[in-house]
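Numbering (the numbering used here), first residue to last: 1 to 187.
Data first, discussion second: the structure below is written as structure tokens.
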Amino acid sequence: TGVQNGSEKTFKVSQYKGRYLVIVFYQADFTSADLVQSFATIQPLLTSNGTDLVFCSGDSTESHKSWLSSDLGGSFSSPLWTDKTGALATSFDLFDSEKKTCLDGVVVIDDSSIIRQVMTSSMDPKELAKNVVDIVALLKKNKVKQMTLSASVIVFNDESTQSIVIFTFPGRLSVIFSLSGYLEFAK
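Take a look at the structure:
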């Protein structure tokens, strides 16, 4: 559930299929105004590029309504989603289970409902919002196709090699990563 234009509504990520969706997770109403305001400012740029913008926190719909009427003003039109249990935020690794709050973060989902970007950042909120506009434009310009690859993953841990992870894609390529900085591709 959530609030849009002062009214309670039910929202689902799936209702945005066919359009890009940017979800801005924030810690709490009344304490995350800079982040929310920075993204609200870029909403016209996202909308003109076929992208919807929503906000999500663990606050109740009553808190959202109160915040809208006191701080954000009546011109705020983006939905404010309620994620009290953190289920949605957890699915993107953007929930602090100890504090029971969403972490400040951004998720970009493409028009095929494929998650293309999940990030947290210590950047200035205005700079972060600008970067998200650029990311969406790049993703739309350079449409990435979804690929399904099966892989075997082998992890070795010992003192001489530190940690080595080997990804083996049948009939394709093996990729070897090491914490010591060694990277090798093999056929």
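Where a beta carbon is used, it is the ideal one built from N, C-alpha and C, also for glycine.
Keep in mind that this is a model prediction, so the values were computed, not measured.
| Item | Value |
| --- | --- |
| Limits of the beta strand (DSSP E) - the one that F35 falls within | The residue you asked about is not Phe; residue 35 is Leu in the sequence shown. Unbroken run through L35 is the alpha helix (DSSP H), 33-48; no beta strand (DSSP E). |
| Contact between the region 81-90 and the region 59-67 (3+ Cβ pairs under 8 Å) | yes |
| Start-to-end residues for the alpha helix (DSSP H) that takes in D104 | First-last for D104: undefined, no H or E at that position. |
| Environment of T101 [buried if 16+ CB atoms lie within 10 Å] | buried |
| Three-pair Cβ contact test at 8 Å for the region 122-130 versus the region 83-100 | no |
| Alpha-carbon to alpha-carbon, T1 and E98 | 23 Å |
| Counted within 10 angstroms of its Cβ, other Cβ atoms place T41 as buried (16 or more) or exposed | exposed |
| Nearest to N131 (by Cα), restricted to the options S60, S57, S38 | S38 |
| Per DSSP, the bridge partner or partners of E8 | V3 |
| Residues of its chain near V21, where Cβ-Cβ distance is below 6 Å and the 5 sequence neighbours each way are ignored | It is Leu, not Val, that sits at residue 21 in the sequence shown. Counting only Cβ-Cβ distances below 6 Å, and skipping sequence neighbours, we find D52, I109. |
| 8 Å Cβ shell around S14 - same chain, five flanking residues per side excluded | S113 |
| Spatially closest choice to G195 from D29, Q27, N49, S7, by CA coordinates | Shown here, the chain extends from 1 to 187; a query on residue 195 therefore has no answer. |
| Buried/exposed call for L94, threshold 16 Cβ in 10 Å | buried |
| In DSSP terms, what F25 is bridged to | C56, G105 |
| N5 versus F76: straight-line alpha-carbon distance, rounded | 7 Å |
| Beta strand (DSSP E) segment containing T90, residue limits | It is not in any beta strand (DSSP E) - T90 instead sits in the alpha helix (DSSP H) that spans 87-91. |
| Bridge-paired residues (DSSP) for T270 | Residue coverage of the chain in this structure runs from 1 to 187, which leaves residue 270 outside it and unanswerable. |
| Neighbour-count burial assignment, S57, 16 or more Cβ in a 10 Å radius | buried |
| Minimum C-alpha distance to T47 - residue among K141, K143, N142, V136 | V136 |
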